[in-house]
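Peer 1: Numbering (my numbering), first residue to last: 15 to 361. Backbone N, C-alpha and C define an ideal beta-carbon position, used for all residues, glycine too. First, the structure itself, so that you have it in front of you.
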Amino acid sequence: MRWENLTDESEHGRAADAVLFGADAVTTRTFDTPEFAGITFHEVRARSVLNRVPGASRMPFEWTVNPYRGCTHACVYCFARKTHSYLDLDTGIGFDTQIVVKVNAPEVLRRQLGSRRWQGDHVAMGTNVDCYQRAEGRYRLMPGIISALTDHANPFSILTKGTLILRDLDLLVRAAEVTDVGVSVSVGFLDTGLWRTVEPGTPAPERRLDVVRAFGEHGIGCGVLMAPVIPFLSDDPAQLRATVRAIAAAGATSVTPLVLHLRPGAREWFMAWLGQHHPHLVRRYERLYAEGAYAPKWYQRRITRQVHELAQEYGIGPARAGLARRIRPAEPAPAPTEPEPVQLSLM
């Protein structure tokens, strides 16, 4: 997607005053701000915010809304890093610090939901970059987005690492009264040292589990995407047990493990991080991921089986991440089965 596709057609007349990184880079404003030191925001006016997921995708949903491009969570493994190259932006530090903001996302979404062509399909959010990253505290796009979906009784789901979602708890409760709503929090591990280096811009894992707990206290079932499970760093049986135990203690209604995957763009950035922080693991990763972006099926199945067994032991079960459900008071989860590992995009 080029910059011109991010902009409203009314912006084209001002292109000469707003070129960023090339002839197609049209934006409303680009600026730094003191409270976000080192972060540059590129405000654009989008033509469309409903994105169709490619038919060949493994995702369990067909449509997404992404009000932001780039993410201050700065997760070194984030698959979405590659998308920054489509805007002629750096997929490394640029992805962490050059944030594209679709400032008119709520209004455009409301218009699109009201179109006669729209069939009311499920809309997933947070599957590309986190819609509750720090920038959302400044731009407050999600309340308008949730309200638009609610007013059209359109089913949706949210996946996040951000505690800011609690700000919109009342809006989510209201939405759940008229449509199916799914809420999941991503917590892959508890290791504080690993978190500080691999997910440096995110709230601590314990704070994310506080989000799960808070939703439960309001009678809202919240699932946990246990992602990513990072080979040789967070996959020890004792680590998996501690993480699942903490997820259960927080009151999660489900836990779904996902093993780290390394697509182009993310792979280079992650391997550079690995070489700096865990150089002894570089060769092991080269062998494990020799066939492509995903760890071997045998490894994925092993992690899935271990987590599901632990989940059953602690009284929670797996769930297909990204699928919406009507929010109701949490009920006991059914006994886990042995599905194929789900491959969901991580923020």
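1) Report the rounded CA-to-CA distance for Ile-330 versus Thr-164, giving the unit in angstroms.
2) Check whether the stretch 138 to 150 touches the stretch 79 to 87, counting contact only when three or more Cβ pairs, one atom from each stretch, lie closer than 8 Å.
3) I'd like the list of long-range same chain contacts for Ile-172, defined as Cβ closer than 6 Å, with 5 residues on each side in sequence excluded.
4) Would you call the CB atoms of Ala-307 and Leu-272 closer than 8 Å?
5) Cα-Cα, which of Ile-160, Thr-111, Leu-295, Lys-175 is closest to Leu-247?
6) What residue ranges within the stretch 241 to 270 form continuous beta strand (DSSP E) runs of no fewer than 3 residues, ordered along the chain?
7) In or out: Asp-110 buried (at least 16 other Cβ within 10 Å) or exposed?
8) Which complete beta strand (DSSP E) runs does the stretch 171 to 224 hold, if anything under 3 residues is left out?
9) Taking the alpha helix (DSSP H) that Glu-300 belongs to, which residues open and close that run?
10) Distance check for Leu-123 and Glu-49, CA to CA, integer angstroms please.
11) Looking at C-alpha atoms only, which residue of Pro-245, Ile-317, Thr-193 is the closest neighbour of His-292?
12) Looking only at its own chain, which residues have a Cβ that is under 8 Å from the Cβ of Arg-298, when we skip the five neighbours before and after it?
13) Could you tell me the boundaries of the alpha helix (DSSP H) in which Thr-164 lies?
Peer 2: In short:
1) So the alpha carbons of these two residues sit roughly 29 Å apart.
2) Yes, the stretch 138 to 150 is in contact with the stretch 79 to 87.
3) Non-local C-beta neighbours of Ile-172 in its own chain, meaning closer than 6 Å and more than five positions away in sequence, comprise Met-139, Gly-140, Val-197, ordered along the chain.
4) If you check the CB distance, Ala-307 and Leu-272 do not come in under 8 Å.
5) Per the Cα distances, Leu-295.
6) Uninterrupted beta strand (DSSP E) stretches at least 3 residues long and entirely within the stretch 241 to 270 do not occur.
7) Its Cβ being crowded by 16 or more others within 10 Å, Asp-110 is buried.
8) Fully contained in the stretch 171 to 224 are the following beta strand (DSSP E) runs of length 3 or more, in chain order: 195 to 200.
9) Annotation for Glu-300: the continuous alpha helix (DSSP H) segment containing it runs 296 to 302.
10) Rounded to the nearest angstrom, the two C-alpha atoms are 29 Å apart.
11) Residue Pro-245 is the option with its Cα nearest to His-292.
12) Answer for Arg-298: Pro-245, Phe-246, listed in chain order.
13) Run containing Thr-164: 156 to 165, per the alpha helix (DSSP H) assignment.
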